[in-house]
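Enquirer: Numbering (the working numbering), first residue to last: 5 to 836. Beta carbons are placed, not taken as given, at the ideal position from N, Cα and C, and that holds for glycine.
1) Which word fits residue 750, buried or exposed, when buried means at least 16 other C-beta atoms lie within 10 angstroms of its C-beta?
2) Does the stretch 116-128 come close enough to the stretch 179-192 that 3 or more CB-CB pairs lie under 8 Å?
3) Between residue 544 and residue 450, what straight-line distance do the alpha-carbon atoms span, to the nearest angstrom?
4) Go to residue 824, then tell me how far its beta strand (DSSP E) extends in each direction, as first and last residue.
5) Beta-carbon separation of residue 472 and residue 518 under 8 Å?
6) Helix or strand or just coil, what does DSSP make of residue 755?
7) Of all the options 658, 580, 572, 577, which has the alpha carbon lying nearest to the alpha carbon of residue 650?
8) Which class does residue 423 belong to by DSSP, given the choice of helix, strand or coil?
9) What does the alpha-carbon distance come out to for the pair residue 535 and residue 475?
10) For residue 401, count the other beta carbons within 10 Å of its own beta carbon; 16 or more makes it buried, fewer makes it exposed. Which is it?
11) Does the distance from the CB of residue 416 to the CB of residue 479 come in under 8 Å?
12) Check each candidate in 614, 682, 636, 694 and name the one with the smallest Cα separation from residue 100.
13) Quick one: what's got a C-beta closer than 7 Å to residue 201's C-beta in the same chain, skipping five residues either side?
14) With 16 other CB atoms within 10 Å as the buried threshold, where does residue 426 fall?
15) Considering only residues of the same chain and omitting the five flanking positions on each side of residue 16, which have a CB-CB separation below 6 Å?
16) Give the straight-line distance between the Cα atoms of residue 27 and residue 286, rounded to the nearest whole angstrom.
17) Determine the extent of the beta strand (DSSP E) in which residue 287 is found, giving its start and end residues.
18) Straight-line CA distance for residue 332 to residue 219?
19) Have a look at residue 546 and residue 404 and give me their C-alpha separation to the nearest angstrom.
20) Taking the C-alpha atoms as reference points, what is the distance between residue 684 and residue 498?
21) Could you tell me if residue 828 is buried or exposed, where buried requires 16 or more neighbouring beta carbons within 10 angstroms of its beta carbon?
22) In the DSSP assignment, what are the bridge partners of residue 231?
23) Nearest CA to the CA of residue 527: which residue from 457, 634, 276, 90?
24) Under the three-state reduction of DSSP, which class applies to residue 27: helix, strand or coil?
25) Is residue 834 helix, strand or coil by DSSP?
26) Are the CB atoms of residue 167 and residue 134 within a distance shorter than 8 Å?
27) With the cut-off set at 8 Å, would you say residue 80 and residue 121 are in Cβ contact?
28) Tell whether a beta-carbon distance below 8 Å holds between residue 821 and residue 814.
29) Look at the alpha carbon of residue 393 and the alpha carbon of residue 466, and state the distance between them as a whole number of angstroms.
30) What is the DSSP secondary structure of residue 259, reduced to helix, strand or coil?
31) What is the DSSP secondary structure of residue 63, counted as helix, strand or coil?
32) Between residue 556 and residue 486, which are expected to be in contact by the criterion C-beta below 8 Å, what is the C-beta distance as a whole number of angstroms?
33) Buried or exposed: where does residue 375 fall if 16 or more other Cβ atoms within 10 Å of its Cβ makes it buried?
34) Quick one, which of 238, 697, 251 has its alpha-carbon nearest residue 269's?
35) Fully enclosed by the stretch 87-133, which beta strand (DSSP E) runs are 3 residues long or longer?
36) Would you please state the rounded distance, in angstroms, between the beta carbons of residue 428 and residue 483? I believe it to be under 8 Å.
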């Protein structure tokens, strides 16, 4: 899955943010105004200009009001507007049915402009942006996520004297949004221009980054500057509660109130990054609050900010501890925003006293040894030597030139009015602070993330991987990962090493082979250092994923036209569930590439253009194409690119057939084949060369082979009678006989029942030489009628013969000396 688009989008957002005042961030949803994305529409923006006013007169009033710091530090003039979607601005309808409302507000000479809404009710899908007319400074998008029960909302000051309010209402929510601007604040003091040296506060103040602040870093993070009522500055602090749960309770001064607190804006981390300079770092704001309790008797106000949600941990918030015992402190520290300046810290090394100021019961600071307070410091916390809040600033005469007498409403006397929020039961009168980013216990192994498996895999094999964080204070030397898939058997893997507090480690688990389909992976980390995890709320994690061992990879490429902000797309399954989506985009004529794995099935690709003219404008044409791994194109943009507001492509993915023989009776049958390629070789004879019915022309054995099973004997003299060892044959063959009774298999005249040949041999194999087997002239070897030397020589040649011998005269089957004696008895006599 490509990360190209998100990186481009983040880059655009980063550029916009850099344009906005030192890296400011107000809780919003990001995005870009519709008017920025589209100049195809003739945007008409009605203008409402504020009347001039006497700035010098207001500054003179401020000098009087700021003398005792018992009023918010005013920086601007509030103009009451009461402007809403029905009585001002102008609507513009987009081709896709959405509509956009625009109103421009100007107040010449303003250092900045900010808004307070008394009605802010944005429907799902709606967006509100506020930006400078030159588009250099943008706030938003503010969405339904920013809605509050009291309908109030405030924006941070934009450094411009011309701002535009833009509200986009989706087509399916027409008429459901409500928006009314209660006041516009014209800043006649410059809050954000660093070039002034942040010189509105006295030179004796200490930046909180200075070494003198060492050890107070947490308490510094609890303090925020407040833009009150759109045009004033106070200070306050996040305070902890006995649940230590990060609930956003915020303590400030009662005298900072006046009007609704719903539009108050709280600025965190407004502080210098250097000790001697005034280099502003990134800062963060939260808009809106609810007043929970307030009172003049100790000049306190307890608020709930951020709709009751914890302040984002990225802000590095700290919820300050407090002491409601009323015990006298031995020394005190103040952290505050004098004159709306960067955050400062002041020290009083002597014990505070008690006094009444403006009718309120207060802690009295007799004099500051290091630093001071000023207008704008109102409501800031006073910490005791144990770093717990004991009061909030009401007022006083202290300044760099006369550093005596400051008065803080006593927290111990405030406590009975607010303890139901901070300490239900009201029995706890002392608690320490809470850092949501800090370890709270010794042994806490946190399963931070399931890295893998996640998403769709074009394989049956997945290799799980999890991230474990040491959320405790003790170094982790061992733990065990327990995991399972689809609720099956629990498996485990031990880890050992050295994982310091706050650090993370990725643990890879053994590969799992799974069936195709949807799966759930569950994992937990147990037995840290062989002991018990002291916080088991963060031990587990899970992920949903699917495997498709027979999945198909698709590649989707989309090229933007010259209005990339109009283009979005989604890919859905056959149930209409969105599997993947992206856009709008930031870069023109840029190709974004995506690769996904999908199981066989049917899908729908939708490509949208919010203006309704497709991926083209004035000759600049984009493109898109979706192709699977086999080269099949399933979706492609129409020629010219003008598909209107939406192009829809329905398609199905199937694995191509595997060619081969699919006939199970064939000799070359392929069980993996899905498409028969005509190559099947069917049985057509016996292919065993040793078989009786071997067919040399056969290519696929049909199982008909028969093998030699009949007993025969070698018939060496072809007389029909064999002798010797038996052999198996398929049937009668020349040279073999089914009987083995031949007594001389080398003489065709000798076999059972053979007639005599008169050669003095046992022709009939009965063991005797008789009858016609006897010779008419014994010893006449050559049959010339004589028994002479020639016959003797033939006898000698046959001497030693065993069986079937021609010189066997005595009928014993052999030619031996007895046969010679018999011959000699005949020698020299004729046959007659």
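Expert: Reading off the structure:
1) Residue 750 counts as exposed, since fewer than 16 other C-beta atoms from the protein chains shown sit within 10 angstroms of its C-beta.
2) The stretch 179-192 vs the stretch 116-128: in contact.
3) So the alpha carbons of these two residues sit roughly 8 Å apart.
4) Boundaries for residue 824: no beta strand (DSSP E) harbours it, while the alpha helix (DSSP H) harbouring it runs 821-830, taken from the DSSP string.
5) The answer is no: Cβ separation not under 8 Å.
6) It is coil, neither helix nor strand.
7) The candidate whose alpha carbon is nearest that of residue 650 is 572.
8) Helix.
9) For residue 535 and residue 475, the distance between alpha carbons rounds to 15 Å.
10) Within a 10 Å sphere around the beta-carbon of residue 401 sit fewer than 16 other beta-carbons, which makes this residue exposed.
11) Contact flag unset, no.
12) When the alpha-carbon of residue 100 is set against those of 614, 682, 636, 694, the nearest one is in 614.
13) Summary for residue 201: the model assigns pLDDT 31, below 50, so the residue's position carries little reliability; its value from the coordinates is reported in the next sentence. Sequence-distant Cβ neighbours of residue 201 in its own chain, meaning closer than 7 Å and more than five residues away, are 282.
14) By the 10 Å Cβ count, residue 426 comes out buried.
15) Low per-residue confidence applies at residue 16: pLDDT is 28, beneath 50, and the placement is therefore not dependable, though the value from the model is reported in the following sentence. Excluding residues within five positions, the ones whose Cβ falls inside 6 Å are 590.
16) Because the pLDDT at residue 27 is just 46, under 50, the model does not fix this residue reliably, and the value given afterwards should be weighed accordingly. The straight-line gap from Cα to Cα measures roughly 5 Å.
17) Taken as a continuous stretch (DSSP letters only), the beta strand (DSSP E) holding residue 287 covers 287-291.
18) Using only the alpha carbons, I get a separation of about 22 Å.
19) A direct Cα-Cα distance of roughly 58 Å separates residue 546 from residue 404.
20) Put simply, the backbone Cα of residue 684 is about 54 Å away from that of residue 498.
21) Here residue 828 is exposed, its C-beta having fewer than 16 other C-beta atoms within 10 Å.
22) Note: residue 231 is bridge-paired with 237, 269 in the DSSP secondary-structure output.
23) Nearest C-alpha to residue 527: 457.
24) Confidence at residue 27 is low in this model, with a pLDDT of 46, below 50, so the placement of that residue should be treated as unreliable; the coordinate-derived value is given next. Looking at residue 27 - three-state DSSP - the assignment turns out to be coil, as it is neither helix nor strand.
25) Strand, per DSSP.
26) For the pair residue 134 and residue 167, the CB atoms are nearer than the 8 Å cut-off.
27) By the CB criterion at 8 Å, residue 80 and residue 121 fall outside the cutoff.
28) For residue 821 and residue 814, no; Cβs fall outside 8 Å.
29) Using only the alpha carbons, I get a separation of about 53 Å.
30) Three-state DSSP puts residue 259 in a helix.
31) In the displayed model, residue 63 falls within a helix according to three-state DSSP.
32) Contact flag wrong, Cβ pair sits at about 34 Å.
33) Residue 375 should be labelled buried.
34) Across the set 238, 697, 251, the C-alpha of 238 shows the shortest separation from the C-alpha of residue 269.
35) If you keep only unbroken beta strand (DSSP E) runs of at least 3 residues inside the stretch 87-133, you get 94-97, 103-110, 117-125.
36) Contact flag wrong, Cβ pair sits at about 35 Å.
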